[in-house]
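Some notes on the structure that comes next.
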Amino acid sequence: MTGRPSQSWTHGNKSLLVILVDFSDLTGAPINKNGTVEITPSLLDSVINDSGEVRNFLQNSSFGKTDLVFDSSSDVTGVLRMPNTAESYAAADATTLLHTHARAAALSAGFDVEDYDRVAVVFSNLSGLSGSKFTFGGRANVIGSNLWINGYFDFRVVGHELGHTYGLRHSNYWQVSGSLQHQCGHGYSGRRL
Amino acid sequence: MSKLPRLFILALFFLFCAVGFFRKQQIQQAVAVGPAEGVGAHRGVKPMPPPAREPDVIEAPRLFGSLSQASSVAPVMEEFATWIDDYLVSAPAHRAALLSRGIELAKLRRPVMLDLIQNDPESALALAVNRVERVDLPASVLQFLEQPVSARAELAVMQSCLHPNGLEPEHTHELYRATVINDQEYRVYVYGARLHDASLRETSLHGFALDQSLAVARRA
Ligand SMILES: [Zn+2]
Ligand SMILES: [Zn+2]
Chain S
2 MTGRPSQSWT HGNKSLLVIL VDFSDLTGAP INKNGTVEIT PSLLDSVIND
52 SGEVRNFLQN SSFGKTDLVF DSSSDVTGVL RMPNTAESYA AADATTLLHT
102 HARAAALSAG FDVEDYDRVA VVFSNLSGLS GSKFTFGGRA NVIGSNLWIN
152 GYFDFRVVGH ELGHTYGLRH SNYWQVSGSL QHQCGHGYSG RRL
Chain G
24 MSKLPRLFIL ALFFLFCAVG FFRKQQIQQA VAVGPAEGVG AHRGVKPMPP
74 PAREPDVIEA PRLFGSLSQA SSVAPVMEEF ATWIDDYLVS APAHRAALLS
124 RGIELAKLRR PVMLDLIQND PESALALAVN RVERVDLPAS VLQFLEQPVS
174 ARAELAVMQS CLHPNGLEPE HTHELYRATV INDQEYRVYV YGARLHDASL
224 RETSLHGFAL DQSLAVARRA
């Protein structure tokens with residue numbers, strides 16, 4: 002495989018599993034946007050499947066060549082407890098470890114994790130924990146299955162991160178400034194169009 | 024801003040980007056299989072100019088041009104290699120006298136090796152203390168050295184999108200590689216053909232790690 006995604010990777014129906022997780026030091030359903038609203042299967046359903054939301058976006062931007070299959074009654078786990086504390090994942094910036102643990106927990110809970118094309122791990126925003134390096138809104142594999150949503154389950158973050166899993170990179174959209182942490186400031190408001 | 028106009032602008036924006044992306048796929052596909060396939064679905068879509076060619080290499084740009092940095096501090100690498108040679112050929116009775124110098128050099132070498140792993144993994148692997156040499160080195164020295172790693176594991180290409188508070192348009196990005204081996208997450212540094220790899224659910228990883236930084240050899 003090269004830096005370009007293969008056609009089978011970007012085309013056709015892509016199934017999505019959402020793993021909701023909590024921690025011994027941060028219990029309960031993930032909270033959206035540091036507010037009071039829980040990230041529930043019905044919230045997932047509306048952000049993904051409502052008209053004009055994530056699924057439509059992927060369909061439209063690919064001219065119908067890809068579709069996202071997500072059924073909130075079967076493709077979302079209950080809230081699964083992670084083996085390590087939220088603080089320890091966040092302080093070590095250990096997102097890949099967190100995803101590994103989340104996949105294992107989902108497998109134990111009876112989900113055929115490896116059968117899904119995309120696997121999202123969703124948790125409350127951990128940026129405020131002491132020593133947290135989880136300062137991202139979302140993370141994703143570039144041409145890979147995995148994505149992370151750090152407490153912001155909305156169209157912007159979810160659509161953006163799913164785009165990365167298809168191989169969309171910021172250089173596809175935006176000028177790269179040449180430093181490891183570039184400031185792109187494109188926003189999702191389109192003001193850099 | 025109300026929801027609908029925002030979504031509309033957003034969709035337009037993504038459409039603009041995605042058209043470029045998928046056009047490119049389509050062009051490649053057309054080259055591969057001829058014009059019959061793939062084009063019909065886009066009838067009526069005005070062709071866009073081909074987007075600027077993106078680099079094939081998925082690589083985080085280097086923060087520091089570290090090779091020159093490394094060579095300016097390289098003497099400690101040499102000194103330590105010489106010390107290993109001296110130590111390994113010394114009779115056991117004479118080794119004790121060499122030990123404190125070895126520990127001192129190993130400590131000084133450590134940040135140099137860490138920098139090499141992160142910024143010049145190919146050189147890091149070339150300069151790593153090999154498994155044969157390690158056998159005869161004492162634990163008091165080994166504790167400061169890179170550890171050999173051999174595993175089949177995930178090799179994820181990670182795009183981190185730093186959206187402060189999830190929403191502000193101003194944000195930064197970071198591209199890096201990661202793996203998990205024995206319940207431990209590592210940042211992975213690659214060179215050669217692996218720079219072209221997309222995220223791999225499982226691959227053979229051979230290399231050396233210091234702390235949570237792992238330099239991985241080219242694919243066999
Ligand atoms: Zn950006
Ligand atoms: Zn991004």
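Going line by line, the protein sequences match chains S and G. If you read the first sequence in this note's numbering, its first letter stands for residue 2, the second for the next number, and so on. If you read the second sequence in this note's numbering, its first letter stands for residue 24, the second for the next number, and so on. In this text, a Cβ means the ideal position worked out from N, Cα and C, and glycines have one as well. Predicted model only: the values in this text are computed from it and were never measured.
To which residues does DSSP link valine 120 of chain S through a beta bridge?
S:Leu18, S:Asn147
Measuring from the CB of glycine 139 of chain S, is there a heavy atom of ligand 2 at a distance below 8 Å?
yes
Three-state secondary structure (DSSP) of threonine 1 of chain S
An answer regarding residue 1 of chain S cannot be provided, because it is not within the stretch 2 to 194 covered by chain S.
Can you tell me whether threonine 28 of chain S is buried or exposed, with buried defined as 16 or more other CB within 10 angstroms of its CB?
exposed
The segment 91 to 105 of chain S / the segment 38 to 57 of chain S touching (three or more Cβ pairs under 8 Å)
The segment 91 to 105 of chain S and the segment 38 to 57 of chain S do not touch, with fewer than 3 CB-CB distances between them shorter than 8 Å.
So that I know if they touch, is there some Cβ in chain S lying closer than 9 Å to that of aspartate 138 of chain G?
no
For a test of your reading of the model: does the CB of glutamine 166 of chain G fall under 8 Å from any non-hydrogen atom of ligand 4? Yes or no.
This structure does not include ligand 4; its bound ligands are ligand 1 and ligand 2.
For chain S, check one thing: does any of its Cβ atoms lie closer than 9 Å to the Cβ of glutamate 208 of chain G?
Judged by the 9 Å Cβ criterion, glutamate 208 of chain G is in contact with chain S.
With a threshold of 16 other CB atoms inside 10 Å of the CB of glutamine 166 of chain G, please say whether the residue is buried or exposed.
So glutamine 166 of chain G ends up on the exposed side.
Only counting runs of 4 or more residues, tell me where the alpha helix (DSSP H) segments fall wholly within the segment 125 to 186 of chain G, in order along the chain.
144 to 150, 154 to 158, 162 to 165
Quick check: the Cα distance between threonine 86 of chain S and serine 128 of chain S, rounded to an integer number of angstroms?
14 Å
Please decide whether valine 114 of chain S counts as near chain C, where near means a Cβ-Cβ distance under 9 Å.
Of the chains in the structure shown, none is chain C; the protein chains are S and G.
Roughly how many whole angstroms lie between the Cα atoms of serine 25 of chain S and alanine 107 of chain S?
17 Å
Please indicate yes or no: does the CB of glutamate 162 of chain S lie closer than 8 Å to some heavy atom of ligand 2?
Look at glutamate 162 of chain S: its beta carbon is less than 8 Å from one of the heavy atoms in ligand 2.
Going by beta-carbon coordinates alone, are cysteine 184 of chain G and phenylalanine 137 of chain S separated by less than 9 Å?
yes
The segment 110 to 119 of chain S touching the segment 139 to 151 of chain G, judged by at least three CB pairs closer than 8 Å:
no
Taking Cβ positions, are arginine 56 of chain S and aspartate 72 of chain S nearer each other than 9 Å?
no
Do you know how far the Cα of serine 123 of chain G is from the Cα of leucine 160 of chain G?
13 Å
What is the DSSP secondary structure of valine 55 of chain S, reduced to helix, strand or coil?
Assigned with DSSP and collapsed to three states, valine 55 of chain S falls in helix.
Taking histidine 102 of chain S as part of the alpha helix (DSSP H), name the residues at either end of that continuous run.
96 to 109
Does the structure place the segment 200 to 210 of chain G close enough to the segment 157 to 165 of chain S that three or more beta carbon pairs sit under 8 Å?
Contact fails: fewer than three Cβ-Cβ distances are below 8 Å.
Rounded separation between arginine 175 of chain G and serine 52 of chain S - CA only
42 Å
So, with DSSP's three-state summary, where would you put histidine 229 of chain G?
strand
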